[in-house]
Amino acid sequence: MPLPTPHEALIYLMVITSASDRDMTDVELARIGDVVRSWPVFEDFNQDRLVSVAQACQKMLHEKDGLEGVLAHVAEALPERLRDTAYAAAFEVAAVDLEMRLEEVRVLQLIRRQLDLDTLTVAAIARAAKARLRTLT
Numbered sequence: 001m002p003l004p005t006p007h008e009a010l011i012y013l014m015v016i017t018s019a020s021d022r023d024m025t026d027v028e029l030a031r032i033g034d035v036v037r038s039w040p041v042f043e044d045f046n047q048d049r050l051v052s053v054a055q056a057c058q059k060m061l062h063e064k065d066g067l068e069g070v071l072a073h074v075a076e077a078l079p080e081r082l083r084d085t086a087y088a089a090a091f092e093v094a095a096v097d098l099e100m101r102l103e104e105v106r107v108l109q110l111i112r113r114q115l116d117l118d119t120l121t122v123a124a125i126a127r128a129a130k131a132r133l134r135t136l137t
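Counting along the sequence shown from 1, when you hit position 12 you're at 12 in this note's numbering, and nothing is skipped either side.
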């Protein structure tokens, strides 16, 4: 199986985070679309491919190596400089509904380990996402 492109790898992480609790909510799917449309890292990504990339990820999850295989492919495909961006995108999806389920926490732990992210980077990403998503009510 060929390695995903860096864009595809970023999307794979968002998809596996959303799918971790077996319920890809409309809010999470909308956030994935928002990230792809608005984050500079996706400037040169053809947004018409988003659904097919997400479907390819779901297909990979059902193969022999499952989640571990997807994470290994993602880690190999992502340049070092995009690893914190990748984690931030995944965290964004997990945090968007303002409640993080145990399955999402576990997937984020696996992503952190696979991408070899340090504790301070992870804490900063989490804090920034929580601040960005906070509401007045």
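Idealized CB from N, CA, C, for every residue including glycine.
Predicted, not measured: the structure shown is a model, and the values here were computed from it.
Count the C-beta pairs between the region 75 to 82 and the region 3 to 10 that are closer than 8 Å, then say yes if the count reaches three, no if not.
-> Between the region 75 to 82 and the region 3 to 10, the count of Cβ pairs shorter than 8 Å is three or higher; the stretches touch.
If you run the structure through DSSP and keep just helix, strand and coil, what is Met-14?
-> The count along the sequence shown starts at 1 and reaches residue 14 at position 14. In the three-state scheme derived from DSSP, where H, G and I count as helix and E and B as strand, Met-14 is classed as helix.
Inter-residue spacing [alpha-carbon to alpha-carbon] between Arg-83 and Leu-115 = By one-based count along the sequence shown, residue 83 stands at place 83. By one-based count along the sequence shown, residue 115 stands at place 115. Arg-83 and Leu-115: Cα-Cα distance of roughly 6 Å.
Of the choices Leu-67, Ala-131, Arg-132, Asp-97, whose alpha-carbon is the least far from that of Gln-109?
-> Position 109 of the sequence shown, counting from 1, holds the residue named residue 109. The candidate whose alpha carbon is nearest that of Gln-109 is Leu-67.
Taking Ala-155 and Thr-17 to be in contact with their CB atoms under 8 Å, please state how far apart those CB atoms are, rounded to whole angstroms.
-> Coverage of the chain is limited to positions 1 through 137, which leaves residue 155 absent and any answer about it impossible.
At what residues does the alpha helix (DSSP H) containing Glu-63 begin and finish?
-> Mapped onto the sequence shown, residue 63 falls at position 63. No alpha helix (DSSP H) contains Glu-63, which DSSP labels as neither H nor E.
Flag this pair as yes or no: are the beta carbons of Ile-111 and Leu-61 separated by less than 8 Å?
-> Locating residue 111 in the sequence shown gives position 111, counting from the first residue. Locating residue 61 in the sequence shown gives position 61, counting from the first residue. With respect to the 8 Å criterion, Ile-111 and Leu-61 are not classified as neighbours on the basis of their beta carbons.
May I ask you to report which of helix, strand or coil DSSP gives Val-96?
-> Indexing the sequence shown from 1 puts residue 96 at position 96. Coil, per DSSP.
Is there contact here, the region 49 to 63 with the region 112 to 131, by at least three beta-carbon pairs under 8 Å?
-> With the cut-off at 8 Å, the region 49 to 63 and the region 112 to 131 do not touch.
Is the Cβ-Cβ distance between Ala-86 and Leu-133 less than 8 Å?
-> Here residue 86 refers to the residue found at position 86 of the sequence shown. Here residue 133 refers to the residue found at position 133 of the sequence shown. It is not a contact, given that the beta carbons lie outside the stated cut-off.
For Arg-31 and Leu-4, the rounded distance between their alpha carbons | Stepping through the sequence shown from its first residue, residue 4 is reached at position 4. Stepping through the sequence shown from its first residue, residue 31 is reached at position 31. Before going on, a small fix: residue 4 reads as Pro here, not Leu. Straight-line spacing of the CA atoms in Pro-4 and Arg-31 works out to 21 Å.
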